[in-house]
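As structure tokens, the structure follows; a few thoughts come after it.
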Amino acid sequence: MSKVEFNKETGPREVFCGLTSIVWLHRRMPDAFFLVVGSRTCAHLIQSAAGVMIFAEPRFGTAILEEKDLAGLADAHEELDRVVNDLIARRPEIKTLFLVGSCPSEVIKLDLATVAEKLNKRFLGQVRFVNYSGSGIETTFTQGEDGALKALIPLMESSNEEKLLLVGTLANNVEDRFKKIFRNLGISNIESFPPRQSTELPKIGKNTKVLLTQPYLSDTVRDLKHRGCEIISAPFPLGIEGSTKWFLAAAKAFNISELKVHEIISPLINRAKLALDSHKEILKGKRLFLLPESQLEISLARFLHNECEMDLIEVGTPYLNKDLMKEEINLLPDNTKIVEGQHVEKQLDRVRESNPDLVVCGMGLANPLEAEGISTKWSIEMVFSPIHGIDQAADLAGLFSKPLKRNQILTSKTLVTH
Amino acid sequence: MELTLWTYEGPPHVGAMRIASSMKDIHYVLHAPQGDTYADLLFTMIERRGQRPPVTYTTFQARDLGGDTAELVKKNIKEAVERFKPKTLLVGESCTAELIQDQPGALAKGMGFDMPIVNLELPAYSKKENWGASETFYQLTRTLLKEKVSSSDKINPLRWRELGRRPKVNILGPSLLGFRCRDDVIEIQRILSEQGIDTNVVAPLGASPDDIERLIDAEINICLYQEIAEASCEWLKRNFGMEYTNTIPIGIKNTIEFINEVHEKLDLPLTNKEELENKSKLPWYSKSVDSNYLTGKRVFIFGDGTHAIAAAKIAKEELGFEVVGLGTYSREMARQVRATAKDLNVEALITNNYLEVEDAMKKASPELVLGTQMERHSAKRLGIPCSVISTPMHVQDVPARYSPQMGWEGANVIFDDWVHPLMMGLEEHLIDMFKHDFEFVDGHQSHLGHTATNTNNILNSDEKKEKNCKEGIIWTESGRAELTKVPFFVRGKVKTNTEKYAILRGIPEISDETLYDAKAYFS
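Chains as they are written, first to last, in the working numbering: chain P, 2 to 419; chain Y, -8 to 514.
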């Protein structure tokens, strides 16, 4: 492991909670509904993070707890029953209903597992009920997906069929590209988790080789291991380097030669390098500060340093699983400062002191930093944009070069006044 | 438990944040888990604020719950006070912290600080954002002024004469994330100044705790938004005898009434009365012949209480529209909205469920919708033009240009914003004239772009579906042929009216003649 500096920090944070991941999960599985059992704050959070006004009727909602629900627990169970009945009557096309725990439901210890069990019996053959917690007292942002996927694992049937299982939500077009490349490599049995339909869960077993597409799935990985799956150790498919090593690791697990991998992906690498050049020109030598939010920070730092030649000031992450991240950490330059957790005020002090060229941060901080003259990139965009794979490397770099380029345009005089 | 897919208002602590963020030298320590920090983006993204809201979130986690969350609260309060040095500290909790009952306000008061501390108790499971904002502003005002209550005589609104100065008023209610508040304040100050009235304090927007302590230097209060300021105005009236205005100066008539009310309260003679009507272009624009086509346009209104009521009055009395629906999500103002609706012979819709609003909109078949950003989306789906008149805020509701709703300029803005989505009078006349030309595309509405064809499809498919309407009435060939000759933008109305007429008269088949009979009957 390279000489990376690890730090931990606690204090006030500025991050989303796990409920936010519903925004991309519900789009991945159009036959699923996500019902948060929570407060008006939960409802307001999701709609604010997602800007959901564009939907006629979204496939997520909140059963808002009211004073009378807090008075007695038995009552709350009945109330939830009623809400679920109404919902299913209204949306008969729903195949899987996720009951999502929140901060208040966790604190009052509302037993969603029991509720789900009862509902599963009642709606047998019609709707499946799954529960997990997206609460902010337990999860940060992308960890919500970890919880949702973990909750689906018990529903997955066993099979000893050899297969490659891609785990973590990907944009559909990126997923298609990956599958095509794997088929070209000679891996024919490839499935994705989460699937595009909630009812088409992959079967898993001891010949399932799991390749993670996202770095935030610690709990899911643990449970897949318990089911006998083999976890392929690899960096994550962000940028050319990460994606190449990711393909190589998968190939190795299937006894496919490195030569074959290079033969197939070399043309991709060559054109990706070409596309990356213009962004690298802007990013080279620029100093980067990543605030914690998505858990993608370490992979992004590796990509932006190794392939775009940016200098890393600090790499924040809300949570660090050193085991899952070891391949990534090995690729980081020496003396990289990783900070797990957050004290937002102290961290912003460090941002100001270090005067970075670019800060990756949440939406609450972006404009205030811009107003101080510091360019920013919102981290939430990483989870909504197709950024994985060799073909997307330039697009990924573009997310970071754009604010700098814009800054350049707005501060320079290019037209002569006649 | 209430199933909510989307909500017009956030939780009450977001209302408290609106007050804290609107003001200077205030800090709000909010006992809340990390996810609640999302609320910062409402200010930094929607309002494009260049400063973070002055809020410290205690960020308690599950593992803290077994231990001492009270210590965590105290640590955060201490750090926030040291770092931000506020003149007044607000302390409160969000929904989750309310359940663990650490009583952060009481904890803060026991920490020995010199500054005033406002303990906010905002019940998250029964109240909403506007109530939270109102309560916070009220508690803040009360905390900062309560010591002056007994020592002060009641404020005589006429004392400005004895003091030998111009009368002074406070403008209360404008806040961040309030609809066009930034510009309303400028407009109202300008109007007051023209009338020889000075502004003492504007609060909460831009005010500091020192300004709140100065509120009693004014003679009266202007209650600009009842949702936020009425509770504070009422307290100031009870304890200092300060009168406050009830008229919301949106629209020409209400602006004039507002100016009259201020003058009456201050016993100030209104010298330039006849000039007032000419301050805005709305009265003349509304009178000009092109606006004839606005007569009786069916309009559906939904928004916060203040803006919905004001919109109804302008629509009916200043633009000559017909109000076919009126509603609000502000339960606190339900009584007033119901009263206005009664005057307009419609039933008030009081709900926080946008799907109910969409249903009511569909049933009312309006030609124009005045609503929130959500009604704009619903109206778009139905192919009906819409103008946004109320919060919840969207980045588009914070325009770069000066764009008030209140006062003279506000009336100009309203005329443009409401009328431009409709087809202009002359244009409507020409389309009617040329509609039988082959170049004419049925459904053409220049201002609606592609959505216009949707309207047409909706009507057409309705016609196909309901060739025989529910009550078993049949449209004959001649009836249907005649109906297609009716301009598309009134076709729906003509169809409904004719069917209503047929039912009324027990006519089983609608022919072209029935159409004309119905037309005569309803005109």
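Beta carbons are placed, not taken as given, at the ideal position from N, Cα and C, and that holds for glycine.
The distance from the Cβ of proline 3 of chain Y to that of tryptophan 122 of chain Y is about 6 angstroms, consistent with a contact at the 8 angstroms cut-off. Around the beta-carbon of aspartate 76 of chain P, fewer than 16 other beta-carbon atoms lie within 10 Å, marking it exposed. Within 7 angstroms of the CB of proline 105 of chain P, the CB atoms of chain Y belong to Cys86, Thr87, Leu90, in sequence order along the chain.
Per the coordinates, the alpha-carbon of leucine 332 of chain P lies some 40 angstroms from the alpha-carbon of lysine 414 of chain P. When 7 angstroms is used as the limit between beta carbons, asparagine 67 of chain Y is near these residues of chain P: Pro13, in chain order. DSSP places aspartate 112 of chain P outside both helix and strand once states are collapsed to three, so it counts as coil. About 20 angstroms separates the CB atoms of threonine 63 of chain P and serine 199 of chain P; that is not less than 8 angstroms, and the two are not in contact.
Between glutamate 146 of chain P and leucine 26 of chain P, the CB-CB gap stays under 8 angstroms.
Rounded to whole angstroms, lysine 145 of chain Y and leucine 154 of chain Y show a C-alpha spacing of 15 angstroms. For threonine 412 of chain P, the enclosing alpha helix (DSSP H) has its first and last residue at 394 to 412. Using a Cβ-Cβ cut-off of 8 angstroms, glutamate 221 of chain Y is close to nothing in chain P; its nearest Cβ partner there is about 22 angstroms away. Comparing alpha carbon positions, the residue from P:Cys104, P:Leu239, P:Ala33, P:Ala51 closest to isoleucine 65 of chain P is P:Cys104. The continuous beta strand (DSSP E) containing tryptophan 379 of chain P extends over residues 377 to 379. Distance from the Cα of methionine 324 of chain Y is smallest, within the candidate group Y:Thr28, Y:Trp(-3), Y:Gln217, Y:Ile188, for Y:Gln217. Under the DSSP definition of a beta bridge, glutamate 341 of chain P partners with P:Lys9, P:Thr318. Within chain Y, the residues placing a beta-carbon under 7 angstroms from that of valine 16 of chain P are Gln25, Thr28, ordered along the chain.
Taking a cut-off of 8 angstroms on C-beta distances, the segment -2 to 16 of chain Y touches the segment 41 to 55 of chain Y, as three or more cross pairs fall below it. Between the alpha carbons of asparagine 185 of chain P and valine 262 of chain P lies a gap of roughly 9 angstroms. Under DSSP, valine 314 of chain Y takes part in a beta bridge, and its partners are Y:Val290. Classified as exposed, glutamate 58 of chain P has fewer than 16 neighbouring CB atoms from the shown chains inside 10 Å of its CB. Within chain Y, the C-beta atoms nearer than 9 angstroms to that of isoleucine 138 of chain P come from Pro24, Gln25, Gly26, Phe51, Gln52, Ala53, Arg54, Asp55, Leu56, Thr87, in chain order.
With three or more CB-CB distances shorter than 8 angstroms, the segment 354 to 373 of chain Y counts as touching the segment 282 to 295 of chain Y. Taking a cut-off of 8 angstroms on C-beta distances, the segment 113 to 121 of chain P does not touch the segment 26 to 46 of chain Y, as fewer than three cross pairs fall below it. Secondary structure of glycine 1 of chain Y (DSSP, three-state): coil. The DSSP-derived three-state label of lysine 4 of chain P is coil. Annotated three-state conformation of glutamate 255 of chain Y is helix, per DSSP.
When rounded, the separation of the alpha-carbon atoms in phenylalanine 231 of chain Y and leucine 291 of chain P is 53 angstroms.
Annotation note: the segment 201 to 255 of chain P contains the following uninterrupted alpha helix (DSSP H) runs of length 4 or greater, listed N- to C-terminal: 219 to 227, 240 to 254. Cβ proximity to chain P below 9 angstroms picks out Lys119, Glu120 from the segment 119 to 138 of chain Y. For the options P:Val101, P:Ser279, P:Thr143, the alpha carbon positioned closest to that of leucine 397 of chain P is the one of P:Ser279. Close CB contacts of threonine 246 of chain Y within its chain, under the 6 angstroms cut and outside five residues either way in sequence, are with Pro240, Gly398 (chain order).
The segment 176 to 191 of chain Y makes contact with the segment 382 to 397 of chain Y, as at least three CB pairs between them are under 8 angstroms.
The C-beta of methionine 36 of chain Y comes closer than 8 angstroms to at least one C-beta of chain P.
DSSP, read as helix, strand or coil, puts tyrosine 235 of chain Y in strand. Under the Cβ distance rule, asparagine 368 of chain P counts among the residues neighbouring chain Y, one pair being separated by less than 8 angstroms.
Serine 49 of chain P: not part of any beta strand (DSSP E); member of the alpha helix (DSSP H) spanning 41 to 51, first to last residue.
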